[in-house]
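*Asks:* Take the sequence shown: its letter number 122 is residue 229 in this note's numbering, and every next letter is one higher.
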Amino acid sequence: MEVSDDGVDLFVFGRDFYLGSASKTIENGWCEFEALGLEQAKAAFGSSRRLGTVWYLAERVPSDALRSFDEFRRQQLWLGVQGPSVARIIVDPIQTVRRLGKFGPGSECVFRAEADIKTALQNASSRRSVLTISAGEQFPLVLSFLEELAQTDNGVQKKMLLPPESEIHSITNARQLQASELEAARLQGEKNDTKWKEYERSKRDSEQVVDWFSTLSSSEVHQSIRTNLHDLAFRRSTKWLEQVRDNPQSDPKVWARASNVGPLLISIAGGNQRLARRTRCVDFITKKLVVDAATKILEELELERPEDSPANWAAEKAKRVYAALLRIGWSLKRQEGSHRTLQRSGWRDYVFAFHESVEIGPPILAEIGRSTGLRPEDL
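(1) Could you give the distance in angstroms between the alpha-carbon of Lys266 and the alpha-carbon of Thr239?
(2) Do you know how far the Cα of Leu382 is from the Cα of Asp358?
(3) Please report the straight-line C-alpha distance between Asn135 and Leu145, rounded to a whole angstrom.
(4) Cβ atoms of Arg195 and Glu215: under 7 Å apart, would you say?
(5) Alpha carbon to alpha carbon, how far is Ala292 from Ile197?
(6) Counting pairs of beta carbons, one from the region 387-397 and one from the region 418-438, are three or more of them closer than 8 Å?
(7) Hey, quick one: how far does the alpha helix (DSSP H) through Gln380 stretch, first residue to last?
(8) Would you say Val198 faces chain C, with C-beta separation under 7 Å as the test?
(9) Leaving out five residues before and five after Phe124 in sequence, what residues of the same chain have Cβ atoms less than 6 Å from its Cβ?
(10) Counting only the same chain and skipping the five closest in sequence on each side, list residues whose C-beta sits under 6 Å from that of Glu139.
(11) The beta strand (DSSP E) that contains Val458, what's its start and end?
(12) To the nearest angstrom, how far is the alpha carbon of Trp347 from that of Val368?
(13) Just how far apart, CA to CA, sit Arg174 and Trp137?
(14) How is Gln350 classed by DSSP in three states: helix, strand or coil?
(15) Assign Gly159 to buried or exposed, taking buried as 16 or more other Cβ atoms, counted over all protein chains shown, within 10 Å of its Cβ.
(16) Which same chain residues, not among the five before or five after Gly190, have their C-beta less than 6 Å away from its C-beta?
(17) Output the distance between the C-alpha atoms of Ser344 and Arg455, rounded to the nearest integer angstrom.
(18) Pick out whichever of Thr322, Arg387, Val361 has its Cα sitting closest to the Cα of Ser374.
(19) Do the region 203-219 and the region 244-259 touch if we need at least three Cβ pairs shorter than 8 Å?
(20) Counting Cβ pairs, one atom from each stretch, are 3 or more of them under 8 Å apart for the region 327-342 and the region 175-188?
(21) Output the boundary residues of the beta strand (DSSP E) element that contains Leu284.
(22) Need the endpoints of the alpha helix (DSSP H) that Gln258 sits in, please.
(23) Restricting to runs no shorter than 4 residues, where is the alpha helix (DSSP H) found entirely within the region 156-192?
(24) Please say whether Leu472 and Trp420 have beta carbons closer to each other than 7 Å?
(25) Could you check which residue in Ala281, Trp319, Leu289 has the C-alpha nearest to that of Ala376?
(26) What do you get for Leu481, buried or exposed, if any count of 16 or more other CB atoms within 10 angstroms of its CB means buried?
(27) Return the Cβ separation of Leu405 and Glu349 in integer angstroms, given the expectation that the two are a contact with Cβ distance under 8 Å.
(28) Whose C-alpha, out of Pro470, Ala460, Val119, is nearest the C-alpha of Leu284?
(29) Assuming Pro370 contacts Trp362 under a Cβ cut-off of 8 Å, what Cβ separation, rounded to an integer in Å, is found between them?
(30) Following the continuous beta strand (DSSP E) through Lys440, name the residue where it begins and the one where it ends.
(31) Within the same chain, show all residues whose beta-carbon is closer than 6 Å to that of Leu117, passing over the 5 residues directly before and after it, in chain order.
(32) Nearest-angstrom Cα distance between Glu423 and Leu486?
(33) Helix, strand or coil for Gln330, going by three-state DSSP, please let me know.
(34) Please determine, among Asn335, Gly378, Val188, the residue with the shortest C-alpha to C-alpha distance to Arg364.
(35) Which residues in the same chain have their Cβ closer than 7 Å to the Cβ of Thr402, if we skip the five residues on either side of it in sequence?
(36) So Glu146 is in the alpha helix (DSSP H); what residue range does that whole segment cover?
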């Protein structure tokens, strides 16, 4: 950063701000950061100071996130109501390029990693004093960079504000915002009111979905999903079950068996049929039920199948391991060099890629066991 001026840049760390401002009174988070930043800049650095850029940093909520129903939509609403001086900085680790979008006020710039944000800030041209709203738990590299900047550059000052509801005792020299200060900076106007109502309804829907999931997680439909997954896991592999846990729609048969969630949801919805009939709501709850069942089965298998632990295996020649696989029901499907693709009814094909003279160690043997059903006593 090169040229100093009398502006103050405000850095708002999104998750810290949201959790520390809106968990009790959700509307407190619906504030105009330009208005909030200007008042706080004057209070912290003097009445003559002006507001520079507002940097709002957040992790991208995936469109299929299962943490909270409709969370992706709420983040889009939240980001969309901010003014032209707000630079929206988003971390999205699944994007294919390191940086996408304009890095500056009024734009959204998406980075693959926090380190890329730090690099972009280092290359920025302004050298302003810095005010942060943070609980110190999010984007530590950026926080560290801002702290170093204030320590090494006499033209830059840094002060920190804590969100009103944050219970942080390890941060010194930080003032805690009051809820009344957020209320004074609340977004106003017909457009913002419309967006707020949409946001508020989405939040109410997410709370209703939590209740429905709780009811269905103790129902027969959840038990049916769990029984089906449990049976398939022993016929296939724990790796297959992990894939289902990570992507409940990866196996069409599993997804089809879980399709009776929709009618049951409608039957318990009462007066909220609008939400219960939404495909996105039904899919969200169905995915949550499948993930919950798969996660619990994996935890049980970890306890029930000690052969999965490398400590229960002894190193063995690949020739003997291959022979044992044939004995327990695997057969050769095709071979390319030392890579032999094996098949077995009810299991995914397994590629055995070892020369016969190679000695296979316990960790690899345990992995083979998880994928094929091989047990130490089979050798």
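Glycine residues also receive a C-beta, built at the ideal position from the N, C-alpha and C atoms.
*Replies:* To lay it out plainly:
(1) On the sequence shown, residue 266 is found 159 positions in, with the first residue counted as 1. On the sequence shown, residue 239 is found 132 positions in, with the first residue counted as 1. For Lys266 and Thr239, the distance between alpha carbons rounds to 6 Å.
(2) For this step, residue 358 is matched to residue 251 along the sequence shown. For this step, residue 382 is matched to residue 275 along the sequence shown. Rounded to the nearest whole angstrom, the C-alpha separation of Asp358 and Leu382 is 26 Å.
(3) Taking the sequence shown and counting its residues from 1, one reaches residue 135 at position 28. Taking the sequence shown and counting its residues from 1, one reaches residue 145 at position 38. Cα-Cα distance, rounded: 17 Å.
(4) Sequence index remark: in the sequence shown, residue 215 carries index 108 (1-based). Sequence index remark: in the sequence shown, residue 195 carries index 88 (1-based). A contact, by the Cβ cut-off of 7 Å.
(5) Within the sequence shown, the letter at position 185 stands for residue 292. Within the sequence shown, the letter at position 90 stands for residue 197. The alpha-carbon atoms of Ala292 and Ile197 are separated by roughly 23 Å.
(6) Verdict: no, contact absent.
(7) Counted from its first residue, the sequence shown places residue 380 at position 273. For Gln380, the enclosing alpha helix (DSSP H) starts and ends at 380-383.
(8) Protein chain content of the structure displayed is limited to a single chain, and chain C is not contained in it.
(9) Taking the first residue of the sequence shown as position 1, residue 124 is located at position 17. So the qualifying residues of the chain are Ile240, Pro270.
(10) Position 32 of the sequence shown, counted from the start, is the residue given in the question as residue 139. Sequence-distant Cβ neighbours of Glu139 in its own chain, meaning closer than 6 Å and more than five residues away, are Ala292, Leu294.
(11) As a first step, residue 458 is located in the sequence shown; it is residue number 351 there, counting from the start. Where Val458 is concerned, the enclosing beta strand (DSSP E) stretches over 457-460.
(12) The residue given as residue 347 occupies position 240 in the sequence shown. The residue given as residue 368 occupies position 261 in the sequence shown. When rounded, the distance between both Cα atoms is 23 Å.
(13) Here residue 174 corresponds to residue number 67 of the sequence shown, with the count starting at 1. Here residue 137 corresponds to residue number 30 of the sequence shown, with the count starting at 1. Taking the straight line joining both Cα atoms gives about 21 Å.
(14) Mapped onto the sequence shown, residue 350 falls at position 243. The answer is helix: DSSP assigns Gln350 an H, G or I state.
(15) Translated into positions along the sequence shown, residue 159 becomes position 52. It is buried - the Cβ of Gly159 has at least 16 other Cβ atoms within 10 Å.
(16) Along the sequence shown, one-based indexing puts residue 190 at 83. Excluding positions up to five away in sequence, the list reads Glu141.
(17) By one-based count along the sequence shown, residue 344 stands at place 237. By one-based count along the sequence shown, residue 455 stands at place 348. Computed Cα separation, rounded: 8 Å.
(18) As a first step, residue 374 is located in the sequence shown; it is residue number 267 there, counting from the start. It is Thr322.
(19) Touching, no, given that fewer than three Cβ pairs across the two stretches are closer than 8 Å.
(20) Touching, no.
(21) As a first step, residue 284 is located in the sequence shown; it is residue number 177 there, counting from the start. Bounds of any beta strand (DSSP E) do not take in Leu284, whose DSSP letter is neither H nor E.
(22) Position 151 of the sequence shown, counted from the start, is the residue given in the question as residue 258. That run of the alpha helix (DSSP H) goes 247-259.
(23) Here the runs fully enclosed are 178-187.
(24) For the purposes of this step, residue 420 is identified with residue 313 of the sequence shown, where counting begins at 1. For the purposes of this step, residue 472 is identified with residue 365 of the sequence shown, where counting begins at 1. Yes, the Cβ-Cβ distance between Trp420 and Leu472 is below 7 Å.
(25) For the purposes of this step, residue 376 is taken as the residue at position 269 of the sequence shown. The candidate whose alpha carbon is nearest that of Ala376 is Trp319.
(26) Against the sequence shown, residue 481 aligns to sequence position 374. Its Cβ being crowded by 16 or more others within 10 Å, Leu481 is buried.
(27) Along the sequence shown, one-based indexing puts residue 405 at 298. Along the sequence shown, one-based indexing puts residue 349 at 242. Indeed, because the Cβ distance is near 7 Å, the residues count as touching under 8 Å.
(28) For this step, residue 284 is matched to residue 177 along the sequence shown. Taking each of Pro470, Ala460, Val119 in turn and checking the Cα distance to Leu284, the smallest one comes out for Val119.
(29) Taking the first residue of the sequence shown as 1, we reach residue 370 at position 263. Taking the first residue of the sequence shown as 1, we reach residue 362 at position 255. With a Cβ gap of about 16 Å, Pro370 and Trp362 do not count as contacting.
(30) Stepping through the sequence shown from its first residue, residue 440 is reached at position 333. According to the DSSP assignment, Lys440 belongs to the beta strand (DSSP E) that extends over 438-443.
(31) Taking the first residue of the sequence shown as 1, we reach residue 117 at position 10. Excluding residues within five positions, the ones whose Cβ falls inside 6 Å are Gly144, Val161, Leu238.
(32) Stepping through the sequence shown from its first residue, residue 423 is reached at position 316. Stepping through the sequence shown from its first residue, residue 486 is reached at position 379. Approximately 8 Å between the Cα atoms of the pair.
(33) Within the sequence shown, the letter at position 223 stands for residue 330. Correct three-state label for Gln330: helix.
(34) On the sequence shown, residue 364 is found 257 positions in, with the first residue counted as 1. Out of Asn335, Gly378, Val188, Asn335 has the C-alpha closest to the C-alpha of Arg364.
(35) To locate residue 402, count along the sequence shown from 1; it is residue 295. Closer than 7 Å at Cβ, skipping near neighbours: Arg352.
(36) Along the sequence shown, read from residue 1 onward, the residue named residue 146 stands at position 39. Looking at the DSSP string, the run of the alpha helix (DSSP H) that includes Glu146 is 140-152.
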